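Single-structure report; data block below.
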Amino acid sequence: MTNAVLTTDERAPVVKKKEKVYVTTLKRLLKNKLAAIGIIIILLQIGMAIFAPIIATHDPIKQDLISSELPMFSEGHWLGTDNYGRDVWSRIVHGARISLLVGITAVSLGLIGGVTLGLLGGYYKKLDGIIMRVVDLLFSFPGILLAMLIIAVLGTSLVNVAIAISIWSIPTCARIVRGSVLSIKQKEYIMAMKSLGASDLRIMIRHILPNAFAPIIVFATMRMGTAILSTASLSYLGLGAQPPTPEWGAMIAQGQDYMWTSPHLTIVPGIAIMLTVFAFNVVGDGLRDALDPNMEIQ
Amino acid sequence: MQETLLEVNNLVTEFRTADGNVQAVRDVSFSIAKGETLCIVGESGCGKSITSLSVIGLLPSNGRIANGEVKYEGKPIHNLPYEQMRQMRGTKISMIFQEPMTALNPVLTVGYQLREPLILHHKIKKSEATKQGIELLKQVGIPYPEKRMNQYPHELSGGMRQRVMIAMALACHPGLLIADEPTTALDVTIQAQILDLINELKEKLNMGIMMVTHDMGVVAEVADRVMVMYAGKKVEEGPVAAIFDNPKHPYTIGLLNSVPNIDDPDFELEPIPGSLPSLHEQIHGCRFHPRCKFATDKCREIAPPEFTTKEEGHVVSCWLHEEVEEEVKHGHLVAQI
Amino acid sequence: MVTLSPKSEPKILLELKGVKKYFPIKGGILKRVQGNVKAVEDVSLQLYEGESLGVVGESGCGKSTLGRAILGLEELTAGKIRFRDEEIQDLKRKEKLKFVKEMQMIFQDPYASLNPRQRIGHALEEVFTMHTNMSAKEKRASVIDLLNEVGLKEEHFDRYPHEFSGGQRQRIGIARAIALNPSFVICDEAVSALDVSVQAQVLKLLKTLQEKYQLSYLFISHDLGVVRYFCDRVLVMYLGTTVELGTVKGLFADPLHPYTQALLSAIPRPSVHVNTKRIRLQGDLPNPANPPSGCPFHTRCPIAQDVCKVDKPAWQEYEIGHFAACHFAGTKI
Amino acid sequence: MIALIVRRAVQLVFLLLGISFLVFSSMYIAPGDPATMVGGATATESDLEAIRDNLGLNDPFLVQYGRYVKNAAQGDFGYSYQTKQAVSEAISIRFPNTLKLAIASMIVAIVIGIFAGLISALKHNSWLDVTSTTFALAGISIPNFWLGAILILVFAVNLGWFPVGGLSAPFYTVDGIKQLILPAITLGTGSAAMIARMARSSMLEVIKADYVRTARAKGVKERNVIWIHTLKNAMIPVITVIGLNFGFLLGGTIITEKVFAINGVGRLMIDAIAMRDFPMVQGSVLLVATLFVVVNLIVDIVYTFIDPRISYD
Amino acid sequence: ACGGGESASAPKESDGSASGDTASTETFTYASTSDVVGMSPILTNDSVSANITEHVYEKLFERNIETMEFEPQLAESYEIKDDNTWVIKLKEGIKFHDGTPFNAEAVKYTFDKLRDPATAAPRASLLEPVDTITVIDENTVEIKTKYPYGAFLASLSHSNAAIVSPTADQAQDLMKEPVGTGPFKFVSWTSGDQVELEANEEYWDGAPDLKKVVLKVVPEISTAISMLQAGEIQFIDNLPTEQIKRLEAMENINIEKKEGTPVYYLTFNHSREMNQDPEFREAVAAAIDRDAFVTKLNGLGVRSDSVVGPQVFGYDESADEAGTAYDVEAAKALVEKNGYGDKPIKLLTANRDNFILMAEIVQAQLTEAGFKVEIESMEWATFLDTARGGEYDITFLSWSNVTGDGSELLYPNFHSDNVGSSNRAQYSNPEFDELVVQSRTTIDQEERKAILDKANKVMIEDNAVVVMYHGIVTAAMDKAYSGLELDPNGKWTLKNVTGE
Ligand SMILES: Nc1ncnc2c1ncn2[C@@H]1O[C@H](COP(=O)(O)OP(=O)(O)OP(=O)(O)O)[C@@H](O)[C@H]1O
Ligand SMILES: Nc1ncnc2c1ncn2[C@@H]1O[C@H](COP(=O)(O)OP(=O)(O)OP(=O)(O)O)[C@@H](O)[C@H]1O
Ligand SMILES: [Mg+2]
Ligand SMILES: [Mg+2]
């Protein structure tokens, strides 16, 4: 025994079973109460989106002009009906599909653009100047105008709405990524990879990108919420989803006209959006903490 | 022997963590007299900093003193209300930290940070504080002190910053100076300057100094007495000469054998195998036994108490010394010094 | 290890001639270059096969820059680097790949030098992926061999860097450096971040490997004790320039340059009996962007004379293999 | 500092060139004919042709753009297709309103944001923190037009404390301030929430810093630890967010201006887009972009005051 | 320069009229969702600008809002010498606001300017039939037309045919500083914000009671309603259907409603092959339940199949039910029979006003009948372009007839001359064209009426368009005021409004 101990080399400081990083992250995330609530909300919404036809009590675009603008908790329509007599609950349920899809598409497109720009700008000093000027340009170009132009040029469709919103996220995302690339670039393990003869592409993709993940994920989750909200603003300006598509942003914008007579037409989708934004934001916050290695001890 | 300044008895410091409570300091006792330098040595993570933070009452928010007492000039201070403890800090006990880069506030001028404790504790006017501040900077050997007062920390070199830290800590003539690795971040030539300075000031002000370090060279240079810690426990304590010439604990011996001797070309390194256990690890018996080549079954089962040695003030926690030395109860140690 | 007698000429592995590395300082409205940080100023030296050359000096004196310049991680401002009789400083990345296998580096911070999101097994495999055509199986086998070589185990393969202790991480760094069987390894403060007990373990490992594979080391450190223990020769740098070079024995026994003397005397000795006369240097390291004229050390030198302010002392061999750059080399303070 | 300003000015010129080109080309590509918008629904083809000629819309794209740049370089930003008013004049009437609104919202955002962020950080993980976080997130997730309408309903119509809309009284009068309050809250809420979140995390970060421990070790009072040693440092990232948000505020006034009947640049821009009034669109976009750059410049300059480590010389 | 120092922040002041008759409380504010383009009748062609020009300028003739007859305004009388010659006598002693006299010279000047191609006036077409204008004497003009022009009086009573002061037009930009003979004088204009007028104390028909009138731009109608409720403004028009209930619940206002001239219809793109199939059009018409739709308008729509609306000259009651009746089963049968449901139909709509409402309901109804309809909504400018270019299958259009004359509706919107510009339906029917031309060139009004009715019926029988409803013009005014005159074309005049 004594001998065994002597020859045993150092032990790892924390003797734990090997656990994947994301499992650890998830565990930590779930310990954060707000984040756990957020995850539950998101899961519920995803469930709602997937099983929309089952959960919805009515056809979301079926009109019934006679029983229109029913208040909440009416018979057969527990969230009431809109001015066309469509069931608000069914529209909210189906709207989850569209809103989440638009959000995810917008954020993913924005990430692709932003991450690419940020990565290149941060890594190559020579490109940095140009890329950052492009980013500045996108930044200082009024977002709504950009959206209007894109939609004017490409036509009104949900995909184009998503594209427009995605472009809003590019400059912010690019800056965030560039910032982390600049700091990761200084890290010794990058120097180590260079000294081992790794190519730039390998360094960027295999070593820098994974380490810039934390801010990117946080950005993405937070942006999800804003993206869904942006569809509301665009719909308000008449640029969002095409009627009769049950999209939350469009619902709230349309309901605005009935705010005084049927407030539930804005409040219900408003709450749906609020919950989503809330959920994604707290999860984003939680992720930031969970991904922070310094939080290990606490 | 000078009168006792600080007395720490059976200190236990605990942290709340995600995996439950852990003890970073386990039942440590020691004392410091006026004008005396006690060095705490040990590997990284063995609890040196936490011991010193416990003394000054600045533990991280998830940490607390779970047991034991800290007495300053005979009065217990570990349970003082925040406000009273605050008033002690800077005046009675002050502290300098390892990283002079991060320990100074980057957005405040050197002058402001230096004046702050003076105005706070001595209730003097700003102009008067400035005068005293300049005086302090002179004392720690900073050239052009008037100019430095208006500069920001980043405009100073590392050595300079550490001197500012020291000047700040000494501003109100504290009785006890805690120095947590004050020179680790510095170059040897600068380190030598700083160590000289601390020694000089100690003499002049008759302070007690509690110096945390892991550099045996530094210990040899400044310490009057040495306390060796391992995994949160005190394993050996004694006068500096005794520790270097007649180390008793296998860990202390291991530490000394791990440092290349610059004056002895034929010196052979003898590393201690393994590494420090984590705080979560349950270890029965002596906490050092998994790395100890002399470990016996007893070591694996029962934690060794403190044994005195023939030399006065030299105590060691190791079963190997059981036969030769007689057991001392915790706490009696202080009285003997 | 290498005895430097003129008779048995050891083979030169690496030779630097007049190597300079300046970092431009940009400023002003148009971000023009306004000056240079002379991180490495005119360094020439030879490194023999199988030896350990220590490089010491205060922080910021250009040690790391010198190491990186040798590996080609920094573009040289001037000078030549010959490795096994080939000039390598101007090679393209592709052409350089074969030298990459020969020259490796171990970094100061064992944690920072490993990608925190890569299992160490994969990190090591990646080295083979980049430089060989091994099959996945072969790679794994080689990695496990490597792990054993540095005292780790197969079970460590799937762990992430944060699951290791500092010493273990440094072993992984070493494993990666020796993976391709290099002949020359630069250790940039490879043990400085480690606890003394662990430091001793790693130093032992490095020595074992050197014996086993006939490695040459460029051992950058600020700890003279470690250098004395580990190296055959020492190079002392100050503000980008070389001030003294000699065998460990010769230099420690008889330092020629006043800076070396001050450095040696400033080291705290881990013993209560040594009573060296301490030389205390005044002031701090000057700004490398604006180095003093003449001898760069004159601002802090206790024996500086007027010439030192004006003339740059020449790099001269005072004894066999013992070089120094000082107008008053050998004067004791 | 002067170097910084000059450099930014040079960059601004190129930025504006880029933006004007972008606007010009996208307007050119976008469907919708300015002539129809001038001529109205009944205009005949020959009417439209006459209008196009009159507006110079029949020239090749690059000629039109070149003319625009040339005139703009001489300070002539053209005339509205619709009202024939000089663009610079139209903008100068509206700009003060937008600026008032943006500044007032920023003040609201900063005051609420920093206060909420501070409370959250200082009472970390308490119910106060959770409440303030929840409110901040609610603030982010409420659409502007909705909040605006609710505020009007409650505070202007029902309680009558504030006017419903308009922004005509000078801002230094009581009326002027009353007019600003509701729009400023509407517009500032989102930014307040973002600032609060940034302030919170930045505070939490800074409060762990070594120098805060140093301050405590000196015996500094807790109040001063927060206000002097922590806050200034914590403000550095917050200022970035403030700067960015100010940019967004300038661009984001559109909806608030609409809801509160404020005669501002945002509305001018959106109306101009709707009416395909290209010179007006150009002018307002360029103004917003310029402001954005100026705000960023100010932020950068503010950095130098807060953080002595930053210098641009 | 920013005129109108009026504080908009005195919500309770203006209706708390007890506080006294200070000048500011006499301000009568009208909220408009958009700003005037300008204030020259010659150069503008939008209803907001017309709201101002109608009060600052006057026309030779005016249509009586009760009798729908054309009556002289600035004219004293007129005489039709022959089919092509009109001699108009002017009222005497009227002065423009700048003090210059109103006379025949001014009429000639105005009309010539309007006609001049160099002016590029958007409504030059109003006087397109005019050949020459001659000043006979100080107060008499003679106008010769190129061909007999039946709707001439209607043209002359159009707001764009208002008479401007020649002196002022030469001295200044009437777009910014208008000068006319009307009951109100221009005071100031803050573009984007408000236009301020004051009473013309020397008005020939007696000074108006309102001393100060302000047009305030409030882009959001619900904000305007809130302002009305809070007493910050006194008057709005064009009440949206969604807000009617809210307005009706408000106690401090009176709502005025009147059957009006606007017509809203679904049109086929007649240039598309699919739409040339009469059965297809019939199927669509039969599928649309217009009665159900009109109930959604909260009383703001009149149901009729007639294209020429009840308030428009040329209407005959018999047209009301001349269209294809709602019969979803018949529609289904036709869809079934001809496979109309196989191909998706693009329903283009502008995303404003009631268009979306129509689109959503009609889409649902068409879907019910078996059609496959996709809505494509667009913002206005794009919509106009797309519709003009004929890039749609079916769409909704509307027409608000300022002069209330059927020719003015049928010619621009459906005559084949105007395909590619204002005939967005791309409708082209020689028989119909012929009738429309006749209606324009006939002078005898009875005869015209018959012709228009015939043209109307042709369209209805053709199912060329499906009329959704005829608008009801609306306005809401503070109860403290009365005397509003609301025209079926949506215009109104404040000349006779009095406060309590
Ligand atoms: N806030 C904390 N929460 C939990 N554990 C902590 C906390 N701070 C320190 N520890 C743990 O307490 C132990 C002792 O830490 P301490 O800082 O005293 O070590 P040290 O001896 O000063 O080491 P070093 O030489 O690296 O400074 C370590 O294992 C550390 O991980
Ligand atoms: N990329 C760079 N750009 C500009 N200056 C640099 C760069 N890298 C290093 N320097 C400067 O070059 C000088 C030498 O740096 P180097 O890192 O080589 O020093 P060092 O001797 O390794 O110091 P240390 O002991 O602190 O590691 C320093 O003044 C440093 O500031
Ligand atoms: Mg420590
Ligand atoms: Mg280095």
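Chains A, B, C, D and E supply the protein sequences, listed in that same order.
Quick note on my numbering: the first sequence kicks off at 5 and runs consecutively.
Quick note on my numbering: the second sequence kicks off at 912 and runs consecutively.
Quick note on my numbering: the third sequence kicks off at 12 and runs consecutively.
Quick note on my numbering: the fourth sequence kicks off at 6 and runs consecutively.
Quick note on my numbering: the fifth sequence kicks off at 3 and runs consecutively.
A virtual CB, placed ideally from N, CA and C, is assigned to each residue, including glycine.
Keep in mind it's a predicted model, so treat the numbers as computed, not measured.
As a quick exercise: from the options, pick the residue whose alpha carbon is nearest that of residue i.
{"i": "E/Gly311", "options": "E/Glu203, E/Ala287, E/Ser42, E/Thr405", "result": "E/Thr405"}
{"i": "E/Glu275", "options": "E/Val314, E/Lys345, E/Ser157, E/Asp37", "result": "E/Lys345"}
{"i": "C/Gly257", "options": "C/Phe334, C/Ala123, C/Lys22", "result": "C/Phe334"}
{"i": "D/Glu262", "options": "D/Ala214, D/Pro101, D/Ser206, D/Gly288", "result": "D/Pro101"}
{"i": "E/Ser224", "options": "E/Ser167, E/Lys247, E/Glu261", "result": "E/Lys247"}
{"i": "D/Met32", "options": "A/Met152, A/Gly107, A/Leu48, A/Glu73", "result": "A/Met152"}
Assign residue i to one of three DSSP states: helix, strand, or coil.
{"i": "D/Trp166", "result": "coil"}
{"i": "E/Asn240", "result": "coil"}
{"i": "B/Val1227", "result": "strand"}
{"i": "A/Ala218", "result": "helix"}
{"i": "D/Pro101", "result": "helix"}
{"i": "E/Ala25", "result": "Its pLDDT being 37, under 50, E/Ala25 is placed unreliably by the model, and the measurement read from it follows with that caveat. Helix."}
{"i": "E/Phe154", "result": "helix"}
Leaving out the 5 sequence neighbours to the left and right, which residues in its chain are closer than 6 Å to residue i when beta-carbon positions are compared?
{"i": "E/Gly325", "result": "Asp307, Ile462"}
{"i": "E/Gly182", "result": "Val58, Tyr59"}
If residue i and residue j are in contact, beta carbons under 8 Å, what's the gap, nearest whole angstrom?
{"i": "E/Lys115", "j": "E/Asp133", "result": "16 Å between Cβ atoms; not a contact."}
{"i": "E/Ile363", "j": "A/Leu69", "result": "7 Å"}
{"i": "E/Pro74", "j": "E/Asn162", "result": "With 8 Å as the limit, E/Pro74 and E/Asn162 do not qualify as a contact, their Cβ atoms being about 18 Å apart."}
Grab me the residues of residue i's own chain with a C-beta within less than 8 Å of its C-beta, minus the 5 sequence neighbours each way, in chain order.
{"i": "B/Thr1020", "result": "Met1060, Asn1061, Gln1062, Tyr1063"}
Among the residues of its own chain, which have a CB less than 7 Å from the CB of residue i, if the five just before and after it don't count?
{"i": "C/Val10", "result": "Summary: the structure shown does not reach residue 10 of chain C, with chain C confined to residues 12 through 344, and so no result is reported for it."}
{"i": "B/Thr948", "result": "Lys1113, Ile1120, Met1122, Val1133, Ala1134, Asp1135"}
{"i": "E/Thr24", "result": "Bear in mind that the predicted position of E/Thr24 carries a pLDDT of just 36, short of 50, making it unreliable; the figure below should be weighed with that in mind. Excluding positions up to five away in sequence, the list is empty."}
{"i": "E/Trp494", "result": "Asp239, Ala477, Leu486, Glu487, Leu488"}
Which residues, in order along the region 217-241 of chain E, keep a beta-carbon less than 8 Å from a beta-carbon of chain D? Lys218, Val219, Val220, Pro221, Glu222, Ser224, Thr225, Ala226, Ser228, Met229, Gln231, Ala232, Glu234
At a CB distance below 9 Å, what residues from the region 136-154 of chain A approach chain D? Give them in sequence order. Arg137, Val138, Asp140, Leu141, Phe143, Ser144, Phe145, Pro146, Gly147, Ile148, Leu149, Leu150, Met152, Leu153, Ile154
Please name the residues in the region 1104-1131 of chain B whose beta-carbon is closer than 9 Å to at least one beta-carbon of chain C, in chain order. Under the 9 Å Cβ criterion, the region 1104-1131 of chain B contributes Gln1104, Leu1106, Asp1107, His1125, Asp1126, Met1127, Gly1128, Val1129, Val1130, Ala1131.
The region 140-168 of chain D: positions lying closer than 9 Å to chain A by Cβ: Ala141, Leu142, Ala143, Ile145, Ser146, Ile147, Pro148, Asn149, Phe150, Trp151, Ala154, Ile155, Leu158
Compile a chain-ordered list of the residues in the region 174-193 of chain A whose CB is closer than 8 Å to at least one CB of chain C. Lys191, Glu192, Tyr193
What residues in the region 120-144 of chain C have a beta carbon less than 8 Å from any beta carbon of chain A? Hits within the stretch, in order: Asp120, Ala123, Ser124, Leu125, Asn126, Pro127, Arg128, Gln129, Glu137, Val138, Met141, His142.
Using a beta-carbon distance cut-off of less than 8 Å, what residues from the region 373-400 of chain E approach chain A? Glu376, Ile377, Glu378, Ser379, Met380, Glu381, Thr384
Using a Cβ cut-off of 9 Å, which residues of the region 1004-1024 of chain B contact any Cβ in chain D, in chain order? Ile1004, Ser1005, Met1006, Ile1007, Phe1008, Gln1009, Glu1010, Met1012, Thr1013, Ala1014, Leu1015, Asn1016, Pro1017, Val1018, Leu1019, Thr1020, Tyr1023, Gln1024
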